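S.K.: Chains as they are written, first to last, in this note's numbering: chain V, 1 to 244; chain G, 245 to 565. Ideal Cβ positions, reconstructed from N, Cα and C, are used throughout, including at glycine. On a predicted model such as this, the values are computed, not experimentally measured, just so you know. Here it is: the structure, laid out below.
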Amino acid sequence: MPVFVGLIGFFVCAVLLEFSVEAGWVMQLVVPRPSDTILAFPEVQEDMDLFGNFFVTLAMTAAATFLALLIGVPFGYFLYRNTRYGIAYEGWLAAAFAAPTVLLYPLFLVIFGRSHLTLIAMGFIPGAIPIIIQTRQGLLGVSRTLLNVGQSFNVSHRDMFWKIQLPSAVPTIFTGIRIGVMYTLVNIVAIEYLIDFGGLGRIVSEMYFRFDTPGTYASIIAVVMVSVFFYWGFGRVEKWLRPV
Amino acid sequence: MSKMLKSLAIGVAGATLLAGPSFAADKVRLVNSTKVVFEMDHPYTCIEEGICKKYGLDVSVIHGSGGAASLQAVLTGSQDVVWGNGVLGVLSAYAKGAPIRVLGSNIRGVPDLYWYVKADSPIKTFTDLKAGQELAYSRPGSTTNLAAIYIKNALGLKAKLTSVGGPSGSRTQLMSGQVATGWSVYPLNKGLIRQGKIRVIGTGKAAAGLNGVTIRVIAANLNWLNKNREAAKRLMVAMEESRSTTYTSEKRLRAYAKRWKLNYEDVKSAPQDTPPELTTMLPLSGLDKINEIALQNKKIKKLLTAAQLKELVHPMGHKPR
Numbered sequence: 001m002p003v004f005v006g007l008i009g010f011f012v013c014a015v016l017l018e019f020s021v022e023a024g025w026v027m028q029l030v031v032p033r034p035s036d037t038i039l040a041f042p043e044v045q046e047d048m049d050l051f052g053n054f055f056v057t058l059a060m061t062a063a064a065t066f067l068a069l070l071i072g073v074p075f076g077y078f079l080y081r082n083t084r085y086g087i088a089y090e091g092w093l094a095a096a097f098a099a100p101t102v103l104l105y106p107l108f109l110v111i112f113g114r115s116h117l118t119l120i121a122m123g124f125i126p127g128a129i130p131i132i133i134q135t136r137q138g139l140l141g142v143s144r145t146l147l148n149v150g151q152s153f154n155v156s157h158r159d160m161f162w163k164i165q166l167p168s169a170v171p172t173i174f175t176g177i178r179i180g181v182m183y184t185l186v187n188i189v190a191i192e193y194l195i196d197f198g199g200l201g202r203i204v205s206e207m208y209f210r211f212d213t214p215g216t217y218a219s220i221i222a223v224v225m226v227s228v229f230f231y232w233g234f235g236r237v238e239k240w241l242r243p244v
Numbered sequence: 245m246s247k248m249l250k251s252l253a254i255g256v257a258g259a260t261l262l263a264g265p266s267f268a269a270d271k272v273r274l275v276n277s278t279k280v281v282f283e284m285d286h287p288y289t290c291i292e293e294g295i296c297k298k299y300g301l302d303v304s305v306i307h308g309s310g311g312a313a314s315l316q317a318v319l320t321g322s323q324d325v326v327w328g329n330g331v332l333g334v335l336s337a338y339a340k341g342a343p344i345r346v347l348g349s350n351i352r353g354v355p356d357l358y359w360y361v362k363a364d365s366p367i368k369t370f371t372d373l374k375a376g377q378e379l380a381y382s383r384p385g386s387t388t389n390l391a392a393i394y395i396k397n398a399l400g401l402k403a404k405l406t407s408v409g410g411p412s413g414s415r416t417q418l419m420s421g422q423v424a425t426g427w428s429v430y431p432l433n434k435g436l437i438r439q440g441k442i443r444v445i446g447t448g449k450a451a452a453g454l455n456g457v458t459i460r461v462i463a464a465n466l467n468w469l470n471k472n473r474e475a476a477k478r479l480m481v482a483m484e485e486s487r488s489t490t491y492t493s494e495k496r497l498r499a500y501a502k503r504w505k506l507n508y509e510d511v512k513s514a515p516q517d518t519p520p521e522l523t524t525m526l527p528l529s530g531l532d533k534i535n536e537i538a539l540q541n542k543k544i545k546k547l548l549t550a551a552q553l554k555e556l557v558h559p560m561g562h563k564p565r
């Protein structure tokens, strides 16, 4: 039912936009008619391989997110376990998260070259930071009662972590992952756009420079689809880790 | 009472006369397509040397970040005139129904573009580039891309055309050894040439097919143009006068260097790097060729007709005949 309501809302917005553009209230050169955007998909596919580039951006985002998880969760746990470090680095991490790291792309180009590695590295940084912060916060927020129950049953440190702390912290950690993956995707698409390399960002840029507004929006929708995929995917993983 | 009214009327009339010129000035919002490039300095000359004021114009200048973004500002009506926009972008926007018209040429050919290598590179000229070595350009469909294609074809090079982004990205990639050549536009990076860190291997003059072809243009929003035809004509005359002043005045060259924090030694040769005979606002030449290039580069879906090309160009602000 919620999905249905959401789709109806989306459809109504699209129809309103269609009429607004048709009536000339919205400049067609800036925002195309949704029907034109839909019709642009085959053209962009034929011209720029939209589908193939969708998977390029998806793969880059997945690789950067995987790396961010691989480093972010253990580091967040480390900061949780070591209070002194946790307090010391919390402010720095928050500041780093707020910094527009995308502007560092020339430095990354020097280090990694004009390659997919640059995209992954630049996607990794904004992805890892919220994961680190939220992992620490999630573990700090585990109810004292739950920990006391565990201790009263004399569970090992290992079981305490896997059976009590982690499941309890999962919602917070996944909040961090969701924020992280979005920032990762934004950074990757931005770099693709800026250096004209890689997947969907390059197509958005190309269409924009051609003043092909429906094509631009079609490729932006493809970026949104990558975002939807990760949002949905991590939702499934979260449910699997914490069914109740 | 009547004496007082008479005095008041005289006062008002006097104040109106005194304030007249400032009220009469037509406002023009101009967006410079990009920064630093020598040809983008004429609007500043116009304002700072009082030329705009002389022609009854109140011109404000902002800077865009490249062709499409600058042009978009004019298409949406947030700016009136775009200065030095790539002609391909303008053609592309016009073909899609955008309210844009060309008023004049900003430059014909690409003499101000140049390609360079690291000082210790064995490459001395374009023809030294071996198969697979990178000949840099900014991005597909850009002026540098066009120039690189024409240079490659004119000289029969086997080099690989490689997109490297803007001048700073290009320099970074060249200096870190990722590409064999970098591209720039005079007077950017001239300091590095002077210091012997990089060496020029050729300029856009090697793109023989583009010589004499209008590459960058001055264009206006159609709605603004229709409502401000006389102001547009005066703007173009004022800018032509400003262009001459920029080329012949040392003061203007110094102002240009100061504005962009460039070394005066590096900008002294700007009039030679960008010869004045190529930057007159008329003629707008080679539009038929640009039309074909736009089609080849997928900027337009079909060739513009002669009637469309005629409609597009309003030389010096005058309606096409």
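#1: For A169(V), does the count of other Cβ atoms within 10 angstroms reach 16, so buried, or fall short, so exposed?
#2: Using 8 Å as the threshold, is the C-beta distance between I120(V) and L67(V) below it?
#3: Any chance the stretch 275-284 of chain G sits against the stretch 301-316 of chain G, with 3 or more Cβ pairs inside 8 Å?
#4: Report yes if the C-beta distance between A218(V) and T37(V) is below 8 Å; otherwise report no.
#5: Would you say the stretch 418-435 of chain G touches the stretch 353-367 of chain G, given that touching needs at least three Cβ pairs under 8 Å?
#6: Let me see if you follow: with CB-CB separation under 8 Å, is Q337(G) close to chain V or not?
#7: R144(V): which of Q165(V), A128(V), D159(V) and D47(V) sits nearest, CA to CA?
#8: So with Cβ pairs under 8 Å, would you call A464(G) a contact of chain V?
#9: Would you mind reading off the limits of the beta strand (DSSP E) that contains R496(G)?
#10: Can you find a C-beta in chain G that's less than 8 Å from the C-beta of G113(V)?
#11: Taking 6 Å as the limit between beta carbons, can you name the residues of its chain near I188(V), skipping five residues before and five after?
#12: From the beta carbon of M27(V), is the nearest beta carbon of chain G less than 8 Å away?
#13: Report back the beta-carbon spacing between L194(V) and G409(G) to the nearest angstrom; my notes put them in contact at under 8 Å.
#14: Can you pull out the residues from the stretch 194-213 of chain V whose beta carbon lies closer than 8 Å to at least one beta carbon of chain G?
#15: Taking its Cβ as the centre, do 16 or more other Cβ atoms sit within 10 Å of Y508(G), making it buried, or is it exposed?
#16: Any beta-carbon of chain V closer than 8 Å to the one on A317(G)?
#17: Along chain V, in chain order, which residues have C-beta atoms closer than 8 Å to that of A312(G)?
#18: Helix, strand or coil for I544(G), going by three-state DSSP, please let me know.
#19: When the distance is taken between beta carbons, is K402(G) closer than 8 Å to A375(G)?
#20: Of the residues G413(G), R478(G), F370(G) and R415(G), which one's Cα is nearest the Cα of G400(G)?
#21: Can you tell me whether V511(G) is buried or exposed, with buried defined as 16 or more other CB within 10 angstroms of its CB?
#22: Identify, in the order they occur along the chain, each residue of the same chain with its Cβ nearer than 6 Å to the Cβ of T28(V), setting aside the five sequence neighbours on each side.
#23: Does the Cβ of S322(G) have 16 or more other Cβ atoms within 10 Å, making it buried, or fewer, making it exposed?
#24: When the Cα atoms are used, what is the spatial distance from S336(G) to I544(G)?
#25: Hey, does P106(V) have any beta-carbon neighbour from chain G nearer than 8 Å?
#26: Would you report the Cα separation of N535(G) and I125(V), rounded to the nearest angstrom?
#27: Are the C-beta atoms of A342(G) and some chain V residue less than 8 Å apart?
#28: If I measure Cβ to Cβ from H558(G) and keep anything under 8 Å in the same chain, skipping five residues before and after, which residues do I get?
#29: Counting contacts by CB-CB distance shorter than 8 Å, is K543(G) in contact with chain V?
#30: At which residue ranges does the stretch 423-447 of chain G contain complete beta strand (DSSP E) runs of 3 or more residues, listed in the order of the chain?
#31: So L58(V) contacts chain G; which residues on that side make the cut at Cβ distance below 9 Å?
#32: Report the three-state DSSP secondary structure of W25(V) (helix, strand or coil).
#33: Can you grab the Cα-Cα spacing for the pair F54(V) / A222(V), in whole Å?
#34: Is DSSP giving K271(G) helix, strand or coil here?
#35: Any Cβ of chain G within less than 8 Å of the Cβ of D47(V)?
#36: Tell me, please, whether the CB atom of T425(G) is closer than 8 Å to any CB atom in chain V?
M.R.: In short:
#1: buried
#2: yes
#3: yes
#4: One thing to note: A218(V) has its Cβ within 8 Å of the Cβ of T37(V).
#5: As far as the Cβ criterion goes, the stretch 418-435 of chain G touches the stretch 353-367 of chain G, which means the pair count is three or higher.
#6: Per the sequence shown, residue 337(G) should be read as Ala rather than Gln. It does; some Cβ of chain V falls within 8 Å.
#7: Q165(V)
#8: Not an interface residue.
#9: First-last for R496(G): E494 to R503, but that is the alpha helix (DSSP H), not the beta strand (DSSP E).
#10: Yes - at least one Cβ of chain G is within 8 Å of the one on G113(V).
#11: If we look at I188(V) and ignore the five residues flanking it on each side, its Cβ neighbours are M60, T61, L119 and G123.
#12: yes
#13: 7 Å
#14: L194, I195, D196, F197, S205, E206, Y208, F209, R210, F211, D212 and T213
#15: exposed
#16: no
#17: Y208, F209 and F211
#18: coil
#19: Yes, the Cβ-Cβ distance between A375(G) and K402(G) is below 8 Å.
#20: The shortest Cα separation from G400(G) among G413(G), R478(G), F370(G) and R415(G) belongs to F370(G).
#21: Buried.
#22: Residue identity check: residue 28(V) is Gln in the sequence provided, not Thr. Here the set comprises V21.
#23: exposed
#24: 5 Å
#25: The beta carbon of P106(V) sits closer than 8 Å to some beta carbon of chain G.
#26: So the alpha carbons of these two residues sit roughly 44 Å apart.
#27: yes
#28: R345, V346, L347, A464, L469, A476 and P564
#29: yes
#30: Annotation: the stretch 423-447 of chain G contains the following complete segments of the beta strand (DSSP E) (minimum length 3 residues), in chain order: 426-429 and 442-447.
#31: Within 9 Å Cβ-Cβ: nothing; L58(V) doesn't reach chain G, min ~23 Å.
#32: coil
#33: 7 Å
#34: Strand.
#35: yes
#36: no
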